[in-house]
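Chains as they are written, first to last, in our numbering: chain B, 15 to 136; chain W, 15 to 136. The next block holds one structure in the form of structure tokens; read it before the comments.
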DNA sequence: GACTTGGTTCGAAAATCTTCGTACTCAGGT
DNA sequence: ACCTGAGTACGAAGATTTTCGAACCAAGTC
């Protein structure tokens with residue numbers, strides 16, 4: 015009955031669990047989408063993971079138990095966000111490399127508003 | 015009956031296959047051991063992958079089909095070596111990051127000491 | 001030649017991962 | 001209070017991965 019679900023401590027997650035979680039295209043897509051803007055929390059309904067509610071819920075669980083995401087229950091919906099900076103501290107460079115491999119440039123900085131073209135400046 | 019086995023082209027291997035191959039501790043151990051000294055070829059008998067011959071052979075196949083290793087038959091034994099620099103070109107930075115995560119510093123450079131002092135094999 | 005050594009491949013069995021339906025919970029609206 | 005929408009947990013069925021044994025192959029050795 016936990017209204018708040020369990021997130022494992024980062025040092026009890028193994029690299030094997032991380033690789034296994036990311037070996038699925040849909041799950042990896044979620045992580046990449048989140049990692050593009052690591053501080054931004056998004057409703058899980060926006061992610062194109064196919065299947066029924068329980069199937070989708072299963073995938074969030076796999077990602078959660080791999081230490082990759084944090085799930086927050088808002089009562090009216092579930093929010094997902096990347097588990098940063100904990101994950102970076104435990105597995106340094108991993109997410110940056112993943113983003114690079116997927117050809118997705120990380121968001122330049124902490125502009126949390128949709129600023130079409132933000133001149134990176136400096 | 016191919017005495018020489020098939021290695022897929024690097025651009026038909028998916029990131030999913032790579033992650034899946036590395037989600038196993040033993041397989042990842044092989045890749046890390048090879049990546050420490052990427053040009054060095056080693057007999058597959060040196061790797062501590064448990065199981066029968068066919069089980070071990072299965073794991074080489076998974077790594078081979080993920081584009082991670084090259085298998086060369088010497089008639090009297092099987093040699094494994096990292097699939098460099100092809101893999102690096104296809105998935106830049108991946109192996110370096112893996113080595114870093116496993117706390118294994120890569121061999122500095124051209125010191126491919128094909129002998130040096132004997133590794134503790136016995 | 002016969003025999004051993006070190007390996008692959010092909011099933012089939014075992015184990016694990018994935019999907020789904022059902023039951024349940026929580027918060028909001030009526 | 002009842003209902004609805006969004007989600008988790010638990011089985012069980014289905015799909016995939018992993019392991020093993022048996023058959024086979026190639027190169028050395030006797």
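Where a beta carbon is used, it is the ideal one built from N, C-alpha and C, also for glycine. Computed from a predicted structure; not experimentally measured.
Residue i to residue j span [Cα, whole Å]
i, j, result
"residue 35/B", "residue 94/B", "16 Å"
"residue 134/W", "residue 60/W", "Low per-residue confidence applies at residue 134/W: pLDDT is 44, beneath 50, and the placement is therefore not dependable, though the value from the model is reported in the following sentence. So the alpha carbons of these two residues sit roughly 11 Å apart."
"residue 77/W", "residue 33/W", "10 Å"
"residue 109/W", "residue 40/B", "23 Å"
"residue 120/B", "residue 87/W", "43 Å"
"residue 20/B", "residue 46/W", "32 Å"
"residue 22/B", "residue 71/B", "17 Å"
"residue 56/W", "residue 44/W", "10 Å"
"residue 69/B", "residue 42/W", "29 Å"
"residue 51/B", "residue 122/B", "9 Å"
"residue 118/W", "residue 99/B", "23 Å"
"residue 107/W", "residue 107/B", "10 Å"
"residue 37/B", "residue 89/W", "35 Å"
"residue 85/B", "residue 53/B", "13 Å"
"residue 79/W", "residue 81/B", "28 Å"
"residue 31/W", "residue 83/W", "13 Å"
"residue 18/W", "residue 111/B", "34 Å"
"residue 73/W", "residue 91/W", "16 Å"
"residue 75/W", "residue 75/B", "30 Å"
"residue 58/W", "residue 58/B", "45 Å"
Cβ of residue i within 8 Å of any chain B Cβ
i, result
"residue 87/W", "no"
"residue 33/W", "yes"
"residue 114/W", "yes"
"residue 9/W", "With chain W running from 15 to 136 in the structure shown, residue 9/W is simply not present."
"residue 61/W", "no"
"residue 101/W", "no"
8 Å contact criterion, which residue i and residue j should meet: CB distance rounded
i, j, result
"residue 49/B", "residue 113/B", "5 Å"
Minimum Cβ-Cβ distance from residue i to chain W less than 8 Å
i, result
"residue 20/B", "no"
"residue 25/B", "no"
"residue 105/B", "yes"
"residue 38/B", "yes"
Minimum length 3: unbroken beta strand (DSSP E) runs contained in the stretch 24 to 67 of chain W: DSSP runs (the beta strand (DSSP E)) wholly in the stretch 24 to 67 of chain W: none.
So, does the stretch 82 to 97 of chain B touch the stretch 101 to 108 of chain W, judging by three or more C-beta pairs under 8 Å? Cβ pair count under 8 Å is below three, so no.
Taking contact to mean 3 or more Cβ pairs, one atom from each stretch, closer than 8 Å, check whether the stretch 62 to 76 of chain B and the stretch 21 to 28 of chain B are in contact. Touching, no, given that fewer than three Cβ pairs across the two stretches are closer than 8 Å.
Runs of 4 residues minimum, wholly inside the stretch 66 to 125 of chain B: which ones carry the alpha helix (DSSP H) assignment? Runs found: 67 to 79, 100 to 104 and 108 to 115.
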